[in-house]
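Under my numbering, think of the first position of the sequence shown as 3, with each following residue one higher.
Just so it is clear, CB atoms sit at the ideal spot from N, CA and C, and this is done for glycine as well.
Note that the structure is a prediction, hence the values are computed from the model and not measured.
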Amino acid sequence: MPAEHPTARPSAHPFPGDGRVAVVTGASSGIGAATARRLAADGFSVVLGARRMDRLMPLAQEIGGTAVELDVTDDASVASFAAGLERVDVLVNNAGGAFDAAPVAEADLDSWSRSFEVNVLGTVRVTKALLPALRASGAGDVVFVGSTAGLVSYEGGASYTAAKHGVHTLAGTMRLELVAEPVRIVEIAPGMVKTEEFALNRTGDPAKAAAVYQGVRGPLVAEDVADCIAWAVTRPHHVNIDLMVVRPRAQAAQHKVHREG
């Protein structure tokens with residue numbers, strides 16, 4: 003059998019999870035928890051980071067992962083978290099959230115500060131702290147869980163859309179800066195995702211939170227986004243999923259959502 007040509011296409015087989023360590027931030031609920039479960043099922047050793055250890059520890063026990071307290075807004079917490087990790091192959095920057103739905107004219111600057119601290123600065127803190135380990139792995143992945151709010155502006159809640167635009171440009175900038183290094187930069191940008199906390203944290207009102215999804219047949223759920231993340235990080239490492247936009251079929255665009263009834 004002839005030898006393979008040196009310029010032949012690399013193997014198309016998925017990049018396995020077995021033996022690889024994945025860190026998931028904001029892993030105590032929603033997309034983070036679903037991602038931790040999915041990556042563990044795919045053979046990754048999962049390190050779950052979040053503030054709410056009462057929720058994190060049972061989940062870690064369930065999936066055979068490791069729960070470590072992490073507050074992405076606190077320098078000392080991030081430094082301690084990073085110091086306890088011997089190996090990191092995948093970082094899923096999931097910690098984030100929306101905290102108001104106010105127009106700019108009624109902006110609550112405390113809410114804006116919280117949004118940027120969690121979504122942008124928290125992501126920078128964790129990425130900076132774990133980048134040496136990701137480089138050392140020889141095949142690292144940094145996944146940014148962004149949002150379609152980071153691609154298209156819309157009325158209300160500009161603190162969140164501005165922060166997610168920041169996450170989007172952070173991913174793009176890092177991809178340019180690390181192009182010569184063995185680290186992939188992946189951005190997953192979900193549209194409407196129905197989770198137990200996102201809309202409630204944003205509105206502060208259970209009725210208003212429920213109204214966000216009213217009449218929408220089949221909004222995305224956390225497991226849908228986890229599926230996208232797992233697929234991206236198990237491609238052969240020469241394949242980079244720069245940006246994946248994923249929406250429910252009922253959401254054609256940020257302002258175009260089909261509601262029944």
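| Query | Result |
| --- | --- |
| In the DSSP output, which residue or residues are listed as bridge partners for residue 26? | 50 and 94 |
| On the CB-based measure, 16 or more other CB atoms within 10 Å of its CB, does residue 93 come out buried or exposed? | buried |
| With distances taken from CA atoms, which of 228, 91 and 127 is nearest residue 195? | 228 |
| How many angstroms separate the CA atom of residue 41 from the CA atom of residue 107? | 42 Å |
| Could you check the C-alpha separation between residue 98 and residue 209 for me, to the nearest Å? | 22 Å |
| Is residue 177 near the ligand ADP, in the sense that its beta carbon is under 6 Å from a heavy atom of that ligand? | Within the structure as shown, the ligand ADP is missing, as the structure has no ligands at all. |
| If we ignore side chains and look at the alpha-carbon of each, how far apart do residue 22 and residue 259 end up? | 39 Å |
| Determine the DSSP secondary structure at residue 236, reduced to helix, strand or coil. | coil |
| Count the other C-beta atoms from every protein chain shown that fall within 10 angstroms of the C-beta of residue 129, then say buried if there are 16 or more, exposed otherwise. | buried |
| Is the number of C-beta pairs between the region 159-169 and the region 212-219 that are closer than 8 Å three or more? | no |
| Using a Cβ-Cβ cut-off of 8 Å (strictly less than) and excluding sequence neighbours within five positions of residue 150, which residues of its own chain qualify? | 191, 192, 193, 247, 249 and 256 |
| Is there contact between the region 138-145 and the region 233-242, where contact requires at least three CB pairs shorter than 8 Å? | yes |
| Where in the region 122-173 do unbroken runs of the alpha helix (DSSP H), each at least 4 residues long, occur, reported from the N-terminal end onward? | 124-139 |
| Unbroken beta strand (DSSP E) runs of length 3 or more, entirely within the region 206-259: which are they? | 245-248 and 253-255 |
| In angstroms, rounded to a whole number, what distance separates the CA positions of residue 80 and residue 54? | 15 Å |
| Let me check understanding here. Comparing Cα to Cα, which of 33, 28 and 17 lies closest to residue 222? | 33 |
| Could you have a look at residue 191 and say whether DSSP puts it in helix, strand or coil? | strand |
| Work out the CA separation of residue 18 and residue 241 for me, nearest whole Å. | 14 Å |
| Could you check if residue 127 is buried or exposed, using at least 16 other CB atoms within 10 Å of its CB as the buried criterion? | buried |
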